[in-house]
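Asker: Note that the protein sequences, when read in sequence, are chains E and F. For what it's worth, the UniProt record's numbering labels the leading residue of the first sequence as 1, then goes sequentially. For what it's worth, the UniProt record's numbering labels the leading residue of the second sequence as 1, then goes sequentially. Beta carbons: idealized from backbone N, C-alpha and C, even for Gly. Pasting in a structure now, in structure tokens, and then I'll have a few things to ask.
There are 2 protein chains.
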Amino acid sequence: MARNIKLYYDFMSQPSRALYIFLSMNKIPFERCPISLQNFEHKTVEFRKNVNRYGKVPCIVEQNFRLAESVAIYRYLCRAYPTQLHWYPDDTIRQARIDEYLSWQHLNLRAHVSLYFFHVWLNPLLGKEVDVKKTERLRLRLDEVLDFFEQELLCNGRQSFLAGDHISVADLSAACEIEQAKIAGYDPCEGRPHLNNWLATIREKTNPFYDEAHKYVYQLTTEHIFTPVVKEDE
Amino acid sequence: MARNIKLYYDFMSQPSRALYIFLSMNKIPFERCPISLQNFEHKTVEFRKNVNRYGKVPCIVEQNFRLAESVAIYRYLCRAYPTQLHWYPDDTIRQARIDEYLSWQHLNLRAHVSLYFFHVWLNPLLGKEVDVKKTERLRLRLDEVLDFFEQELLCNGRQSFLAGDHISVADLSAACEIEQAKIAGYDPCEGRPHLNNWLATIREKTNPFYDEAHKYVYQLTTEHIFTPVVKEDE
């Protein structure tokens, strides 16, 4: 295959990790192009001009074709490369369920994890004050969305994965998102046994790539009580 | 066709309008099920249980199949019903470009329009104070995202539509989103001639359904200077 995918990513970015794991699991060859978010390499004029006009990671470049947004990239890769069908099945109902989650998560799980992470973890690094009341408000919203995840999306354990009996890109996206909260000292699994077991399953099914992509996340969470998630006896 | 789609919607919701127009343009028969956001009909236990567990509109119910999120619904309808190909082409690059926009918009165009709309228009109706500094901050962000839309996504007029030479679901979603800002007294077309003409084209190509779906938006904006958008001479 003469194609050559360049993946621009930073392991501090949740969708970057998910896409890295997806490419690796499906044995799609790609060139690693790490981008430092900390050094704002994604915001340079050159990056916007030559790689991604949106100024974000992850994104891919394949010859002259540039594509941003992990959700769009999964779908493109599933059309253009041989991938395991369970990641994005061609069954119309299961595909719709995956699309529904991947659309919903932006302004819900992703937004609430990110807001908490930025306020509690990033702000102090930037010399900004952490507002206690705001932290509490953001924590409550994060609690709510993760309770919804536990009770509705995992149906309190009656559903193994987000779109049926097999792991899909929806699970991968969600797991990498949820891990981010731990950096800010928030334990997403506390009081959520089904989320804990689901998260451990995603890790297990996608290792060694999951741990590789999360090595910085694990390092940054050592100051808290968390260790990489493992299944608990039910 | 024995199928029967029920569309749950409120014309005050941007993606509800877009989906209503899409269904109408493609002559997909559907039953109208208006839901009042103002009366929180989308948050009732019954609605969550029987219609949409996410507690949002738009959503569809087709026999026992329930689907939320307009982006997921477009894709499902394009697989399940005869639709005009230009809305969501099977060409892999154009489809990827549409997917990219529809993924990007959630935390960008949609987030910034909604934040401005809620703060400036909805808060006073709820008896909440409108913070002048916050308004200014939100306006600046909305300016930025619409300037990006004008300059990058429409390439300063060199690109007729968001994903090439034909109208797609990306354009429909974007147009309905941008109209919402007008309710809050923000003129998205001011200083953006290409956005103005693109918006007028979307309206023209999807009328009479566009005007039907926007009738409340037009009513609510009469107190401002705006009239429904028409093309200007270039």
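So which residues on chain E does F:L67 lean against when the C-beta distance must stay under 7 Å?
Answerer: Counted from its first residue, the second sequence places residue 67 of chain F at position 67. What F:L67 touches in chain E: A96 and E100.
Asker: In angstroms, rounded to a whole number, what distance separates the CA positions of E:M1 and E:E69?
Answerer: As a position in the first sequence, residue 1 of chain E is number 1, starting the count at 1. As a position in the first sequence, residue 69 of chain E is number 69, starting the count at 1. Residue confidence for E:M1 is low, a pLDDT of 47 falling below 50, so the modelled location carries little weight and cannot support an answer.
Asker: What residues match up with F:R66 in a beta bridge as DSSP calls it?
Answerer: For this step, residue 66 of chain F is matched to residue 66 along the second sequence. In DSSP, F:R66 forms a bridge with F:V61.
Asker: Check each candidate in F:N108, F:R110 and F:D131 and name the one with the smallest Cα separation from F:H119.
Answerer: Here residue 119 of chain F refers to the residue found at position 119 when the second sequence is read from its first residue. When each option's Cα is compared against that of F:H119, the closest is F:D131.
Asker: Under DSSP, the alpha helix (DSSP H) around E:P193 begins and ends at which residues?
Answerer: Translated into positions along the first sequence, residue 193 of chain E becomes position 193. Here the alpha helix (DSSP H) through E:P193 covers P193 to T206.
Asker: Have a look at E:V45 and E:S168 and give me their C-alpha separation to the nearest angstrom.
Answerer: As a first step, residue 45 of chain E is located in the first sequence; it is residue number 45 there, counting from the start. As a first step, residue 168 of chain E is located in the first sequence; it is residue number 168 there, counting from the start. Going from the Cα of E:V45 to the Cα of E:S168 covers about 35 Å.
Asker: Checking contacts by CB at 8 Å: is F:M1 closer than that to chain E?
Answerer: Here residue 1 of chain F is taken as the residue at index 1 of the second sequence, counted from 1. For F:M1, the pLDDT reaches just 47, beneath the cut-off of 50, and the residue's location in the model is therefore unreliable, although a value from the coordinates is still provided. With 8 Å as the cut-off, F:M1 does not count as an interface residue toward chain E.
Asker: So, does the CB of F:S173 fall closer than 8 Å to a CB anywhere in chain E?
Answerer: Here residue 173 of chain F refers to the residue found at position 173 when the second sequence is read from its first residue. No, no contact with chain E.
Asker: Starting from the beta carbon of E:R79, find every residue of chain F whose beta carbon is closer than 9 Å, and list them in chain order.
Answerer: Working through the first sequence from its first residue, we reach residue 79 of chain E at position 79. The contacting residues are T92, Q95 and A96.
Asker: Any beta-carbon of chain F closer than 8 Å to the one on E:W104?
Answerer: Indexing the first sequence from 1 puts residue 104 of chain E at position 104. With 8 Å as the cut-off, E:W104 counts as an interface residue toward chain F.
Asker: Span of the alpha helix (DSSP H) holding E:L7?
Answerer: Taking the first sequence and counting its residues from 1, the one referred to as residue 7 of chain E is at position 7. Careful: E:L7 lies outside any alpha helix (DSSP H), inside the beta strand (DSSP E) at I5 to Y9.
Asker: Using DSSP bridges, identify the partner residues of F:E31.
Answerer: Sequence index remark: in the second sequence, residue 31 of chain F carries index 31 (1-based). DSSP lists F:K6 as the bridge partner or partners of F:E31.
Asker: Counting only beta-carbon atoms, is E:E129 nearer than 8 Å to chain F?
Answerer: Position 129 of the first sequence, counted from the start, is the residue given in the question as residue 129 of chain E. For E:E129, no Cβ of chain F is located within less than 8 Å of the residue's own Cβ.
Asker: Alpha carbon to alpha carbon, how far is E:Y116 from F:N50?
Answerer: Along the first sequence, one-based indexing puts residue 116 of chain E at 116. Along the second sequence, one-based indexing puts residue 50 of chain F at 50. C-alpha separation (whole angstroms): 32 Å.
Asker: Within a Cβ cutoff of 8 Å, which residues of the same chain sit near E:N156, ignoring the five residues on either side of it in sequence?
Answerer: Residue 156 of chain E sits at position 156 when you count from the first residue of the first sequence. So the qualifying residues of the chain are E150 and H194.
Asker: Can F:H214 be considered in contact with the ligand PLP, in the sense that its beta carbon sits closer than 7 Å to one or more heavy atoms?
Answerer: Among the components modelled here there is no ligand, and therefore nothing to report on the ligand PLP.
Asker: Roughly how many whole angstroms lie between the Cα atoms of F:E152 and E:G191?
Answerer: The count along the second sequence starts at 1 and reaches residue 152 of chain F at position 152. The count along the first sequence starts at 1 and reaches residue 191 of chain E at position 191. When rounded, the distance between both Cα atoms is 45 Å.
Asker: In angstroms with no decimal places, state the Cα-to-Cα distance between E:P43 and E:H106.
Answerer: In the first sequence, the residue the question calls residue 43 of chain E occupies position 43. In the first sequence, the residue the question calls residue 106 of chain E occupies position 106. The identity of residue 43 of chain E in the sequence shown is Lys, whereas the question assumes Pro. Each residue's Cα considered, the two are about 21 Å apart.
Asker: Can you give me the C-alpha to C-alpha distance between E:W198 and F:F209, rounded to a whole angstrom?
Answerer: As a first step, residue 198 of chain E must be located in the first sequence, where it is residue number 198. As a first step, residue 209 of chain F must be located in the second sequence, where it is residue number 209. The alpha-carbon atoms of E:W198 and F:F209 are separated by roughly 44 Å.
Asker: Taking a contact to mean a Cβ-Cβ separation below 8 Å, would you say E:L7 touches E:I60 in this structure?
Answerer: By one-based count along the first sequence, residue 7 of chain E stands at place 7. By one-based count along the first sequence, residue 60 of chain E stands at place 60. Their beta carbons are under 8 Å apart, which means E:L7 touches E:I60 by this criterion.
Asker: What is the rounded straight-line gap between the Cα of E:T222 and the Cα of E:C33?
Answerer: As a working note, residue 222 of chain E is residue 222 in the first sequence. As a working note, residue 33 of chain E is residue 33 in the first sequence. Near 27 Å, if we compare the C-alpha coordinates of E:C33 and E:T222.
Asker: Grab the span of the alpha helix (DSSP H) containing F:C176 for me, first residue to last.
Answerer: What you label residue 176 of chain F is simply residue 176 of the second sequence in a count that begins at 1. F:C176 -> alpha helix (DSSP H) spans V169 to I183.
Asker: Name, please, each residue of chain E whose Cβ falls closer than 8 Å to the Cβ of F:R53.
Answerer: Looking up residue 53 of chain F in the second sequence gives position 53. Ordered by position in chain E, the residues that pass the 8 Å Cβ test against F:R53 are E152.
Asker: So, is the C-beta of E:L126 closer than 8 Å to a C-beta in chain C?
Answerer: Absent from the structure is chain C; the protein chains it does hold are E and F.
Asker: Going along the chain, which residues of its own chain have a beta-carbon closer than 6 Å to the beta-carbon of F:L146, five neighbours each way excluded?
Answerer: The sequence position of residue 146 of chain F within the second sequence is 146, counting from 1. Once the five neighbours on either side are set aside, the close Cβ partners of F:L146 are P188.
Asker: Considering only the beta carbon of each residue, do E:F22 and E:Y74 sit closer than 8 Å?
Answerer: Position 22 of the first sequence holds residue 22 of chain E. Position 74 of the first sequence holds residue 74 of chain E. Cβ distance < 8 Å, so E:F22 and E:Y74 count as in contact.
Asker: Please identify the residue among F:K231, F:K215 and F:Y186 whose C-alpha is closest to the C-alpha of residue 245 of chain F.
Answerer: No statement about residue 245 of chain F is possible, as the shown extent of chain F runs from 1 to 234 and does not include it.
Asker: Whole angstroms is fine: what's the gap from F:Q63's alpha carbon to E:S160's?
Answerer: Numbered from its first residue, the second sequence carries residue 63 of chain F at position 63. Numbered from its first residue, the first sequence carries residue 160 of chain E at position 160. When rounded, the distance between both Cα atoms is 25 Å.
Asker: What residue range is occupied by the uninterrupted alpha helix (DSSP H) comprising E:L138?
Answerer: As a position in the first sequence, residue 138 of chain E is number 138, starting the count at 1. In the DSSP assignment, E:L138 falls within the unbroken alpha helix (DSSP H) covering V132 to F148.
Asker: Would F:Q219 be called buried (16 or more neighbouring beta carbons within 10 Å of its own) or exposed?
Answerer: The count along the second sequence starts at 1 and reaches residue 219 of chain F at position 219. Exposed.
Asker: Tell me which residue opens and which closes the alpha helix (DSSP H) that F:P15 is part of.
Answerer: If you number the second sequence from 1, residue 15 of chain F lands on position 15. Taken as a continuous stretch (DSSP letters only), the alpha helix (DSSP H) holding F:P15 covers Q14 to M25.
Asker: Per DSSP, F:R118 is paired with what?
Answerer: Indexing the second sequence from 1 puts residue 118 of chain F at position 118. For the sequence presented, residue 118 of chain F should be read as Phe rather than Arg. F:F118 pairs with nothing; no bridge assigned.
Asker: Let me confirm a value: E:P15 is counted as buried when at least 16 other C-beta atoms fall within 10 Å, else exposed. Which label applies?
Answerer: Within the first sequence, the letter at position 15 stands for residue 15 of chain E. Buried is the call here.
Asker: Just checking my contact of F:N26 with F:T83 at CB under 8 Å: how many whole Å lie between their CB atoms?
Answerer: For the purposes of this step, residue 26 of chain F is taken as the residue at position 26 of the second sequence. For the purposes of this step, residue 83 of chain F is taken as the residue at position 83 of the second sequence. In this structure F:N26 is in contact with F:T83, their Cβ atoms being roughly 5 Å apart against a cut-off of 8 Å.
Asker: Please report how far the alpha carbon of E:E129 lies from the alpha carbon of E:L140, in whole angstroms.
Answerer: Locating residue 129 of chain E in the first sequence gives position 129, counting from the first residue. Locating residue 140 of chain E in the first sequence gives position 140, counting from the first residue. Rounded to whole angstroms, E:E129 to E:L140 spans 19 Å at the Cα level.
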